[in-house]
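J.: I have a structure here, written as structure tokens, and I will follow up with some questions on it.
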Amino acid sequence: MDAKRKKELKEILVEMKNDKIAEIRQNKDEMTSADGYQNDAQDFADTATNIYDKELHQDLTEKNKKLLMDIEEALSKIEEGRFGKCDKCGKDISIERLKAIPFSKNCIKCQTGAEKK
Ligand SMILES: [Zn+2]
162 MDAKRKKELK
172 EILVEMKNDK
182 IAEIRQNKDE
192 MTSADGYQND
202 AQDFADTATN
212 IYDKELHQDL
222 TEKNKKLLMD
232 IEEALSKIEE
242 GRFGKCDKCG
252 KDISIERLKA
262 IPFSKNCIKC
272 QTGAEKK
């Protein structure tokens with residue numbers, strides 16, 4: 162992979178990383194305010210909605226954290242010069258795939274294989 166492309170992908174990854182961090186922070190804030198609201202609301206339906214909201218936020222935060230870890234990993238791979246190789250078979254991941262998902266760990270072949278299981 163040439164240096165220019167690598168730099169491009171790195172910039173995309175850094176941007177994604179910042180986005181995810183902001184999203185996680187925002188989610189945390191919303192979760193905290195939902196907690197405050199729950200104390201006032203004694204109505205069961207309201208409470209149930211709040212619990213649902215909270216779970217949804219927690220779920221989202223978990224997903225974002227996982228994604229953030231993948232992004233971090235991709236960034237360290239760029240630094241170490243291991244970027245763009247499939248974790249499973251060691252072959253190059255296609256640039257089309259990397260453009261769509263810069264933090265891909267597997268080539269399309271291994272990925273489809275993994276999803277089928
Ligand atoms: Zn592979």
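Counting in our numbering, the sequence shown runs from 162 upward without gaps. The C-beta atom is built at its ideal place from N, Cα and C for all residues, glycine as well. This one's a predicted model, so the numbers in the text were calculated from it and none came from an experiment.
Provide the residue span of the alpha helix (DSSP H) that contains Ile256, from first to last.
T.: Walking along the sequence shown from the start, residue 256 turns up at place 95. Residues 256-261.
J.: Put Asp220 into one of helix, strand or coil per three-state DSSP.
T.: For this step, residue 220 is matched to residue 59 along the sequence shown. Three-state DSSP puts Asp220 in a helix.
J.: Quick one: does the C-beta of Lys266 sit closer than 7 angstroms to a heavy atom of ligand 1?
T.: In the sequence shown, residue 266 corresponds to position 105, counting from 1. No; taking the cut-off as 7 angstroms, the Cβ of Lys266 has no heavy atom of ligand 1 nearer than that.
J.: Starting from the C-beta of Leu221, find all residues in its chain whose C-beta is less than 7 angstroms away, skip the five residues before and the five after it, and write them out in chain order.
T.: What you label residue 221 is simply residue 60 of the sequence shown in a count that begins at 1. Same-chain partners within the cutoff: Asn188.
J.: If distances are taken between C-alpha atoms only, which option among Asp248, Tyr213, Ser265 comes closest to Ile256?
T.: The sequence position of residue 256 within the sequence shown is 95, counting from 1. The shortest C-alpha separation from Ile256 is found at Ser265.
J.: Are the beta-carbon atoms belonging to Leu259 and Gly242 less than 8 angstroms from one another?
T.: Numbered from its first residue, the sequence shown carries residue 259 at position 98. Numbered from its first residue, the sequence shown carries residue 242 at position 81. No, they are not a contact pair.
J.: Express the C-alpha separation of Asp207 and Ser194 in angstroms, rounding to a whole number.
T.: Counting from 1 along the sequence shown, the entry for residue 194 is found at position 33. Counting from 1 along the sequence shown, the entry for residue 207 is found at position 46. Distance between the alpha carbons of Ser194 and Asp207: 14 angstroms.
J.: Please list, in chain order, all residues of the same chain as Ala202 whose beta carbon is under 8 angstroms from its beta carbon, the five residues on each side excluded.
T.: Indexing the sequence shown from 1 puts residue 202 at position 41. Legend: pLDDT at Ala202 = 49, less than 50; position of this residue unreliable, value from coordinates given subsequently. For Ala202, where only same-chain residues beyond five positions count, the Cβ hits under 8 angstroms are Thr208, Asn211.
J.: Out of Met192, Asp248, Lys270, Leu228, which has the shortest C-alpha to C-alpha gap to Lys181?
T.: The residue given as residue 181 occupies position 20 in the sequence shown. When only C-alpha atoms are compared, the closest one is Leu228.
J.: Does DSSP put Lys226 in a helix, in a strand, or in coil?
T.: Here residue 226 is taken as the residue at index 65 of the sequence shown, counted from 1. If DSSP states are grouped into helix, strand and coil, Lys226 belongs with the helices.
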